[in-house]
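Going by this note's numbering, the sequence shown runs without a break in its numbering and finishes at 645.
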Amino acid sequence: MRSRKTVPYKMYAKTYVFGNKNQKLNTDSRSKETAVTGGQLYDAGLGYGFVTEADFRSNEMLQMPELSSGFVPAYADTICEVTRIVTDDLGCHVDGRYAACRLGIQERCMIPLCFRADVERSGNYQITLEYQSEAEAMIFAGPRRLVCRSAGKEQKQSLTFVMNACDIIPMGRNCIYECKSIDITLLGENANLCRINIKQVNCPTIYIAGDSTVNDQPAWYPYQPEAAFAGWGQMLPAYLSGKIAVSNHAHPGQTVETFRTEGHYAIIQAHIRFGDYLMLQFAHNDQKLAGLRAKEGYMEALCRYIEETLAIGAYPILVTPVCRNTWSVNGMYADSLEEYAQACKQAAARYQIPVIDLHGASKDFIIQHGPEQTARYYYPKDFTHPNDYGAYLLAGMAVKEYCGQMRTGNYAEAYGRLAGFMTRHSEWNPKV
């Protein structure tokens, strides 16, 4: 069993402060803080800075959403640069009016304020963020993982959370890329970034294996949550306390078989430790293959994942597949994944581990709301993939399902600890 207790190197720690008032820090050799203004764009040699369209076009790593903020300019192939970062006494914020003017639209745009800081190695990092926003603000970490939705306040707010930086195989690539950076994104009208403290920590991690309904999906900006592909795994951090991390390795098109053969599972095996958790959700692509029938190849592969995870002292959790918004011509809901949901439940029962019935919860929601209302939670004209509203809703369903279960079996205490890291948040629904 691989323990997380001993670390043979000095733990990383760094603080960045933003705004006009803090510039004298850079001339003080005794200061452990680094002052940053809006003009400081990311520089690999320097190791930190804001990311804008100019950086995106010139840096190949930033063009891989799995290794950056996950926010992609919708006009990346043009010369249009819309991100102007303003520095004032409060901190740094994006000028939304400037972006609207550049794009020729009337209203202010939702342009993300993305800050990137390099770290020495992959691992879990505790982030303490200070910000100020009079309107609602959203905070994302890493490849567009939602950490918080906060109401506007006049005074400065503080938030502490944990982010995981882990090696990954980006989409369209066939080799492992190291992730040694922390990307923090603040999204909100005139939302000011004031201070970021980054500190490496030892804490449990939830690893996620799955397909495109779970993975960290990128989003175009100007940001529109209803028109952004999303996976519920990237919304899960918003429902967790600041004492556990999420490492999402789900990828589009994956099956229980290809997740292993294409190398994604090997990354999890290299990093997962005693006391960590592994959530697995597959079926959308498995059902297309004769060799992965629900009660045959699919279930056999799930059982293998379970046994291997338990063998290293970590704790597997099966998740039944999210439902599609599909209906028959006679107006009845058309469920194409029920057989796979039942296979998940049977595999979990065999090993006395939890199963999150996201299939059942999403099916109930779809039937209750009907095809048209449900479509507001899916990417436009897509019946499989949620948008940001839908992914946030599904992550909340997963947390509710998990926390509502009775804990029995040999691992009841460990699975109970995970429930203690979970919390409920307010609803986030599409505008009517």
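Yeah, the Cβ is synthetic: ideal placement off N, Cα and C, and Gly gets one too.
Here the structure is a predicted model, which means the values were calculated and not measured.
Here's the rule I'm using: 16 or more other beta-carbon atoms within 10 Å means buried, otherwise exposed. How should glutamine 319 be labelled? Of the other Cβ atoms in all chains shown, fewer than 16 fall within 10 Å of the Cβ of glutamine 319; this residue is therefore exposed.
With C-beta atoms as the reference, is serine 271 less than 7 Å away from cysteine 327? In this structure, serine 271 keeps its C-beta atom at 7 Å or more from the C-beta atom of cysteine 327.
C-alpha gap between glycine 309 and alanine 441, whole angstroms: If you draw a straight line from the Cα of glycine 309 to the Cα of alanine 441, it is about 19 Å long.
Going by other Cβ atoms of all chains shown within 10 Å of its Cβ, with 16 needed for buried, is glutamine 581 buried or exposed? Exposed is the label assigned to glutamine 581, since fewer than 16 other Cβ atoms lie within 10 Å of its Cβ.
Checking the sheet assignment: what are the DSSP bridge partners for lysine 412? Within the DSSP secondary-structure output, lysine 412 pairs in a beta bridge with Ala226 and Gln339.
Give me the Cα-Cα distance between isoleucine 381 and phenylalanine 487, rounded to the nearest whole angstrom. The straight-line gap from Cα to Cα measures roughly 21 Å.
Comparing alpha-carbon positions, which option in Arg506, Thr398 and Ile566 lies nearest isoleucine 324? If you compare the alpha carbons of Arg506, Thr398 and Ile566 with that of isoleucine 324, the shortest gap goes to Thr398.
Could you pull out every residue in the same chain whose Cβ sits closer than 6 Å to the Cβ of glutamine 467, ignoring the five residues on either side in sequence? Answer for glutamine 467: Asp424, listed in chain order.
With DSSP as the reference, please indicate the residues paired to glutamate 246 in a beta bridge. Thr228, per the DSSP bridge assignment.
Which residue marks the beginning of the beta strand (DSSP E) containing glutamate 367, and which one marks its end? Glutamate 367 -> beta strand (DSSP E) spans 366–378.
Classify serine 271 as helix, strand or coil using the three-state DSSP reduction. Residue state, collapsed to three classes: helix.
Within the stretch 457–482, note down every full beta strand (DSSP E) run reaching 3 residues or more, in order along the chain. Note on the stretch 457–482: whole beta strand (DSSP E) runs with a minimum of 3 residues are 458–461, in chain order.
According to DSSP, is glycine 510 helix, strand or coil? DSSP places glycine 510 in helix when its eight states are reduced to three.
Collapsed DSSP secondary structure at arginine 310 in the structure displayed: Correct three-state label for arginine 310: helix.
Start and end residues, alpha helix (DSSP H) containing leucine 571: Leucine 571 -> alpha helix (DSSP H) spans 571–588.
Taking contact to mean at least 3 C-beta pairs separated by less than 8 Å, is the stretch 473–482 in contact with the stretch 447–454? The stretch 473–482 is not in contact with the stretch 447–454.
Beta-carbon separation (whole angstroms), histidine 462 vs alanine 422, contact threshold 8 Å: At roughly 6 Å, the Cβ-Cβ gap stays under 8 Å, so histidine 462 and alanine 422 are in contact.
Alpha carbon to alpha carbon, how far is alanine 514 from valine 469? Note on geometry: alpha-carbon atoms of alanine 514 and valine 469 lie some 6 Å from one another.
So, using beta-carbon positions, are glutamate 439 and alanine 507 closer together than 7 Å? It is not a contact, given that the beta carbons lie outside the stated cut-off.
Compare the Cα-Cα distances from lysine 613 to each of Ala627, Thr621, Phe596 and His638 and report the closest residue. Comparing Cα-Cα distances from lysine 613 to each of Ala627, Thr621, Phe596 and His638, the minimum goes to His638.
Looking at the structure shown, is glutamine 253 part of a helix, part of a strand, or coil, going by DSSP? In the three-state DSSP reduction, glutamine 253 falls in the coil class, being neither helix nor strand.
Rounded to whole angstroms, what is the Cα-Cα separation between serine 575 and phenylalanine 284? Here the alpha carbons of phenylalanine 284 and serine 575 stand approximately 27 Å from one another.
Check for me: the beta strand (DSSP E) holding arginine 563 runs from which residue to which? From DSSP, arginine 563 is part of no beta strand (DSSP E) but of the alpha helix (DSSP H) over 551–564.
Below 7 Å between beta carbons: does that hold for tyrosine 225 and valine 332? In this structure, valine 332 lies closer than 7 Å to tyrosine 225 by Cβ.
Unbroken beta strand (DSSP E) run spanning leucine 399, endpoints: If you look at leucine 399, you'll find it in the beta strand (DSSP E) that goes 394–400.
Are the CB atoms of asparagine 410 and threonine 341 within a distance shorter than 7 Å? Contact: yes.
Go ahead and pull the three-state DSSP assignment for tyrosine 624. Coil at tyrosine 624, not helix or strand.
For glutamine 618 versus proline 567, is the C-beta spacing smaller than 7 Å? Closer than 7 Å, so yes.
Mapping DSSP to helix, strand and coil, what is leucine 515? Reduced to three states, the DSSP call for leucine 515 is helix.
Please identify the residue among Asp548, Arg362 and Pro529 whose C-alpha is closest to the C-alpha of alanine 562. Selected option, being the one with the closest Cα: Pro529.
Comparing C-alpha positions only, which one of Leu400, Thr426 and Ser549 sits nearest to cysteine 361? Looking at the Cα atoms, Leu400 is the closest of the given residues.
Thinking alanine 588 and asparagine 538 are a contact (beta carbons under 8 Å), I'd like their distance in whole angstroms, please. The beta-carbon separation of alanine 588 and asparagine 538, rounded to 6 Å, stays under the 8 Å limit for a contact.
On the premise that aspartate 429 lies in contact with proline 356, defined as a C-beta separation below 8 Å, what is that separation, rounded to the nearest angstrom? The beta-carbon separation of proline 356 and aspartate 429, rounded to 4 Å, stays under the 8 Å limit for a contact.
Span separating the alpha-carbon of glutamine 494 from that of methionine 277: The alpha-carbon atoms of glutamine 494 and methionine 277 are separated by roughly 24 Å.
Excluding the 5 residues preceding and the 5 following glutamine 565 in the sequence, name in chain order all residues of the same chain whose CB lies nearer than 6 Å to its CB. Here the set comprises Gly622.
How should glycine 444 be labelled, buried or exposed, when 16 other C-beta atoms within 10 angstroms of its C-beta is the threshold for buried? Per the 10 Å Cβ criterion, buried.
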